[in-house]
Amino acid sequence: MIVNRVVETDFPEEFIEEIEKSQDSLPRKIDANPGNVEKGLAKLVLTLIELIRKLLEKQAMRRVEAGSLSEEEIERVGETLMKLENKMKELKEIFGLKDEELNLNLGPLGDLL
Amino acid sequence: MKIYVYGIIDSNKQVNEPVYGLEKARVYNIPFRDVGVVASDLAGPMPDVTEDSILAHEDVVESLMENFTVLPVKFLTVFDGKENILSVMENYYSDFKDNLNRLRNKVEFGIKVIWPGDKIKEHLIKTHKGGAQKVTASDGSPKKRFMKEKFEKYKIDKKFREKASKCINAMDVFFSKFAAQKKLEKLKTENLLLSAVYLVERDKQSDFREAFEHIRTARDDFRYLFSGPWPPYNFVILPRKSHPFKISEQAAMFDKVFHERNLVGADKT
Amino acid sequence: MDNVLTKSKDVTLLEVLDRVLDKGVVISGDMVISVADVDLIYLGLKVLLSSVETMEQLRGSPFASPMQEPT
């Protein structure tokens, strides 16, 4: 049988590390076993919330950069972003989830983040 | 009889040389009009996801590549019988045909590039505004400081991404010369600068390889991974279809079990 | 060899996996619900018999750390 594939690199370990890091940690399925269903759902929900939070943060930064926020607005946005960040930290702790576990690869939309 | 499917090919003729797949079963071609579905019988249980089974699957697909245009099918695609396969073919025939025509004589190559992302970021942080810009306690309210820090990070990240794009474009210019299509993922991680697949015509393979070698030596501070030739996994385009079949028995069973066990808000005691 | 997929130390295998696991022709939907260790696939598709009980091993258990009870 003919086998074509060739995978060549001088640095297999480095690539293995990066490839594994880059993989989505979003579960392919939600385990509906009563013991696990909450954690599976929590991971799904928190991953999506993190995504939204990061996008909001990025959007705010773009406006700061464009100079389209007043001093007062910057303060208020700062307050909201701080609260969001702290809330997320809390939720992550409650569900025992780390940042790496909430990794969502946006693929071609990656530039949004 | 369960049937394990490997790929769709642009031929309705029998597979001549013996090729063996999962369970070491002989692979055969199920003709459908002018195309075919390459499959083998699955006597036992669903294969486990192991290195052996994955490679057995991939080996079959690559064998097909030698003599046919092949649309590789996802691992662990198993049908309940030949009639079911033929029903799917009815539904997807023109999509498959379009893909086969578009992908004829083309193969896929993968290129991944690692760059010293963390070092580059460190350097950017140091040189950012002369490096002296530390946020101090006198900079106003905590909210202001928070925003300032975020903004610094944002600017550095932006510079970082811009640098990445520049490097990627410089490389891509060379690779694209010999590619019909491409998909690029930039900075999947800080150090994984590029994760790309290119669709290359068979007779341009060595030119493509040369282009890669050129970049590899030109930018030898980066690290490279080159893979292929692969069947065109990343370049098959299929529309989503709603299937004109009745709700399956499995789905009915699911409904039944789900409601019986009342899983939503189930009491854990 | 069991549970090869999450901690594969073979870069070739990783490249193959990336392709065969969800690229190419994908005829089924991706939404899978597991009920008490029996995987059912909720598709309107009678023709496809695709047991994914072994897909459990695909990404390993994503729930590596024990769940903490909310206080």
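Chains as they are written, first to last, in our numbering: chain U, 17 to 129; chain L, 8 to 276; chain A, 14 to 84.
C-beta: ideal position from N, C-alpha, C; glycine also.
Owing to the predicted nature of the structure, the values given are computational and were not obtained by experimental measurement.
Inter-residue Cα distance where the pair is residue i and residue j
i, j, result
"Ala62(U)", "Leu194(L)", "Ala is not the amino acid found at residue 62(U); the sequence shown has Leu there. Near 23 Å, if we compare the C-alpha coordinates of Leu194(L) and Leu62(U)."
"Glu88(U)", "Lys151(L)", "10 Å"
"Glu66(A)", "Glu66(U)", "For Glu66(A), the predicted structure reports a pLDDT of 33, less than 50, and the residue's modelled location is therefore unreliable. A value from the coordinates is still provided. The alpha-carbon atoms of Glu66(A) and Glu66(U) are separated by roughly 30 Å."
"His130(L)", "Pro123(L)", "11 Å"
"Glu65(L)", "Thr76(L)", "15 Å"
"Ile61(L)", "Val45(L)", "16 Å"
"Asn241(L)", "Ile175(L)", "20 Å"
"Arg230(L)", "Glu106(U)", "39 Å"
"Pro28(U)", "Val24(A)", "6 Å"
"Val45(A)", "Val53(U)", "Residue confidence for Val45(A) is low, a pLDDT of 39 falling below 50, so the modelled location carries little weight; the figure read from the coordinates is stated next. The straight-line gap from Cα to Cα measures roughly 13 Å."
"Phe252(L)", "Ser94(L)", "Low per-residue confidence applies at Phe252(L): pLDDT is 37, beneath 50, and the placement is therefore not dependable, though the value from the model is reported in the following sentence. Each residue's Cα considered, the two are about 10 Å apart."
"Lys189(L)", "Ile118(L)", "11 Å"
"Met154(L)", "Arg21(U)", "49 Å"
"Gly83(U)", "Glu36(U)", "39 Å"
"Lys166(L)", "Lys128(L)", "9 Å"
"Glu73(U)", "Tyr161(L)", "9 Å"
"Arg216(L)", "Asp210(L)", "11 Å"
"Lys59(U)", "Asn74(L)", "45 Å"
"Leu83(L)", "Pro54(L)", "8 Å"
"Asn23(L)", "Asn112(L)", "20 Å"
"Asn102(U)", "Thr96(U)", "10 Å"
"Arg32(A)", "Leu26(A)", "10 Å"
"Pro149(L)", "Asp35(A)", "46 Å"
"Leu49(L)", "Lys184(L)", "43 Å"
Helix, strand or coil at residue i [DSSP, three-state]
i, result
"Pro239(L)", "coil"
"Val80(L)", "strand"
"Val33(A)", "helix"
"Gly51(L)", "coil"
"Pro38(L)", "strand"
"Arg21(U)", "coil"
"Lys157(L)", "helix"
"Lys253(L)", "Low local confidence applies: a pLDDT of 32 at Lys253(L) is under 50, so the model's placement there is unreliable, with the coordinate-based value given in what follows. Looking at Lys253(L) - three-state DSSP - the assignment turns out to be coil, as it is neither helix nor strand."
"Leu191(L)", "strand"
"Ser101(L)", "helix"
"Ala177(L)", "helix"
"Lys119(L)", "strand"
"Lys20(L)", "coil"
"Arg152(L)", "helix"
"Ile15(L)", "strand"
"Lys113(L)", "strand"
"Glu197(L)", "coil"
"Arg33(L)", "strand"
"Ser234(L)", "strand"
"Ser202(L)", "strand"
"Gly43(L)", "strand"
"Ile92(L)", "helix"
"Ile10(L)", "strand"
"Pro25(L)", "coil"
Pair within 8 Å by beta-carbon distance, residue i and residue j
i, j, result
"Pro199(L)", "Glu34(U)", "Looking at the sequence provided, one finds Leu at residue 199(L) rather than Pro. Going by C-beta atoms, Leu199(L) is nearer than 8 Å to Glu34(U)."
"Lys81(L)", "Val29(A)", "no"
"Gly14(L)", "Glu115(L)", "no"
"Tyr35(L)", "Gln21(L)", "yes"
"Leu232(L)", "Phe31(U)", "yes"
"Leu245(L)", "Asp102(L)", "yes"
"Lys104(L)", "Met77(U)", "no"
"Phe182(L)", "Ala225(L)", "no"
"Ile163(L)", "His135(L)", "yes"
"Pro52(L)", "Gly37(A)", "no"
"Glu85(L)", "Lys9(L)", "Per the sequence shown, the amino acid found at residue 85(L) is Val instead of Glu. For Val85(L) and Lys9(L), yes; Cβs fall inside 8 Å."
"Ala187(L)", "Glu208(L)", "yes"
Close Cβ partners of residue i (< 6 Å) along its chain, the five nearest in sequence each way excluded
i, result
"Leu107(L)", "Asp17 and Thr76"
"Met178(L)", "Ile222"
"Glu109(U)", "none"
"Lys79(U)", "Residue 79(U) is actually Arg in this sequence, not Lys. Only Leu85 meet the Cβ criterion."
"Met72(L)", "Pro238"
Spatial neighbours of residue i in its chain, beta-carbon cut-off 7 Å, leaving aside the 5 residues before and after
i, result
"Glu69(L)", "Pro238"
"Arg33(L)", "Pro25, Tyr27 and Ser47"
"Pro38(L)", "Asn19"
"Ser202(L)", "Lys119, Glu192 and Lys195"
"Val243(L)", "Leu78 and Asn106"
"Ala139(L)", "Reliability of the predicted coordinates at Ala139(L) is poor, the pLDDT of 43 falling under 50, and no value is obtained from them."
"Val93(U)", "Ala76 and Leu85"
"Ile90(U)", "Val80"
Sequence-distant residues of the same chain with beta carbon closer than 8 Å to residue i, five excluded per side
i, result
"Thr196(L)", "Gly124"
"Glu169(L)", "none"
"Lys114(U)", "Lys108"
*Which ranges would you report for the beta strand (DSSP E) in the region 28-83 of chain U if only whole runs of at least 3 residues count?*
45-47
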